[in-house]
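Residue numbers (mature numbering (1 follows the signal peptide of the UniProt record, and there is no 0)): -19 to -1, 1 to 311.
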């Protein structure tokens, strides 16, 4: 009996220790498990299939971050949206110490390769300014979720890189200048604010693959900014099969009357799919839209939902699969 009790206690203590390792804390003052975000990310084992929460205390963490392939099921939870800042300042064309020039992807402040990634209450920033294309966030992995996050930068702020990967953005703030949301992923933006800064031209530059039916979907989003009136397009096609749809969105006067740009290629007018449903605000105005864009009817708009656009993935149903830590962690 004593031997059985010993074995049970050993197993129980092992489970408790294992559970504790799945809730990490990052704090610059040394009060957490790690003092840098990258150290916490490096602690995630390859091939991970158990949710791991990394709680990040307030602070500005200047780090170039990378979550590798097979480092799956990671959740980053910030203590405070405005005061938990992950930032770096690389940009396209910057020369490294080795004498090589960075590309746009390499310039990203944070690159996410792992699947089932979640971030909440965090500011992601690239502070390079107008030096060049400079993503604050670059996402390759599938089923990535960002909830109540900020993405700060100028050109190419949010690079949804993954070829057909599914991504979800809820109640997020995204700012930039030219093409500040771009890439090949299928990304659903819900109740987000898109802020157009001066010296910009276009919000989105989708490069949706031919084989993927949905690109960007913006649901109940607001387009605002301090850019001049009628200085921005909603989108332009980076690749011919680009797909971008705005549903029930509020558009300020920074949006051009034409709404959409074909990037100087006549064929894009036939191949790209750009559409709106019930846009409102001074930047709406369906009558002024370019003739090759579309205004959806109620039945067509209803086709845009998680099941169809995200190919059977419901990002809201995964709330319970990734444990959260209290933002009052010691």
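We put the beta carbon where it would ideally sit given N, CA and C, even for glycine.
Because the structure is a prediction, the values reported are computed rather than measured.
Distance between residue j and residue i (C-alpha atoms, nearest Å)
i, j, result
"residue 163", "residue 16", "32 Å"
"residue 42", "residue 68", "6 Å"
"residue 46", "residue 87", "11 Å"
"residue 24", "residue 9", "17 Å"
"residue 244", "residue 214", "11 Å"
"residue 144", "residue 26", "24 Å"
"residue 102", "residue 78", "34 Å"
"residue 196", "residue 290", "8 Å"
"residue 82", "residue 261", "43 Å"
"residue 257", "residue 276", "5 Å"
"residue 287", "residue 30", "23 Å"
"residue 154", "residue 135", "13 Å"
"residue 285", "residue 255", "13 Å"
"residue 133", "residue 175", "11 Å"
"residue 85", "residue 19", "21 Å"
"residue 177", "residue 131", "14 Å"
"residue 212", "residue 259", "21 Å"
"residue 76", "residue 267", "45 Å"
DSSP-derived helix/strand/coil call for residue i
i, result
"residue 288", "helix"
"residue 175", "strand"
"residue 55", "strand"
"residue 9", "coil"
"residue 250", "helix"
"residue 163", "strand"
"residue 296", "helix"
"residue 25", "coil"
"residue 50", "coil"
"residue 19", "helix"
"residue 224", "strand"
"residue 268", "helix"
"residue 93", "strand"
"residue 307", "The predicted position of residue 307 is uncertain, since its pLDDT is 41 and thus under 50; no value can be drawn from it."
"residue 238", "coil"
"residue 282", "helix"
"residue 168", "strand"
"residue 104", "strand"
"residue 114", "coil"
"residue 256", "strand"
"residue 156", "strand"
Closest residue to residue i among the options (Cα-Cα distance)
i, options, result
"residue 210", "265, 28 and 51", "265"
"residue 191", "167, 199 and 178", "167"
"residue 269", "240, 29, 176 and 297", "240"
"residue 293", "146, 72 and 279", "146"
"residue 5", "75, 125 and 60", "60"
"residue 114", "150, 137 and 132", "137"
"residue 193", "22, 224 and 180", "224"
"residue 263", "297, 206 and 181", "206"
"residue 28", "50, 63 and 242", "50"
"residue 63", "105, 53 and 48", "105"
Own chain partners of residue i with C-beta closer than 6 Å, once the 5 adjacent residues on each side are dropped
i, result
"residue 199", "170, 227 and 230"
"residue 141", "120, 148, 164, 166 and 168"
"residue 38", "8 and 60"
"residue 40", "9"
"residue 248", "none"
"residue 109", "70, 72 and 115"
"residue 297", "none"
"residue 161", "138"
"residue 74", "82 and 113"
"residue 250", "243 and 273"
"residue 22", "48"
"residue 308", "Note that residue 308 scores 39 on pLDDT, short of 50, meaning its location in the model is unreliable; the coordinates nonetheless yield the value given after this. Correct list, in chain order: 60."
"residue 232", "204, 260, 262, 264 and 265"
Own chain, CB closer than 7 Å to residue i, minus 5 neighbours either side, in chain order
i, result
"residue 252", "221 and 222"
"residue 302", "Since pLDDT at residue 302 reaches only 46, below the 50 mark, its modelled position is unreliable, and no value is offered."
Close Cβ partners of residue i (< 8 Å) along its chain, the five nearest in sequence each way excluded
i, result
"residue 152", "128, 129, 171, 172 and 173"
Check: residue i C-beta below 6 Å from any heavy atom of the ligand ADP
i, result
"residue 8", "In terms of ligand content, the structure shown is empty, and the ligand ADP therefore cannot be addressed."
Task: Segment contact flag, the stretch 181 to 200 with the stretch 211 to 224, C-beta cutoff 8 Å, min 3 pairs - done: yes
Task: Segment contact, 8 Å Cβ cut-off, at least three pairs: the stretch 277 to 288 with the stretch 231 to 250 - done: no
- [ ] Pair every Cβ in the stretch 118 to 134 with every Cβ in the stretch 92 to 106, then say whether three or more of these pairs are closer than 8 Å.
- [x] yes
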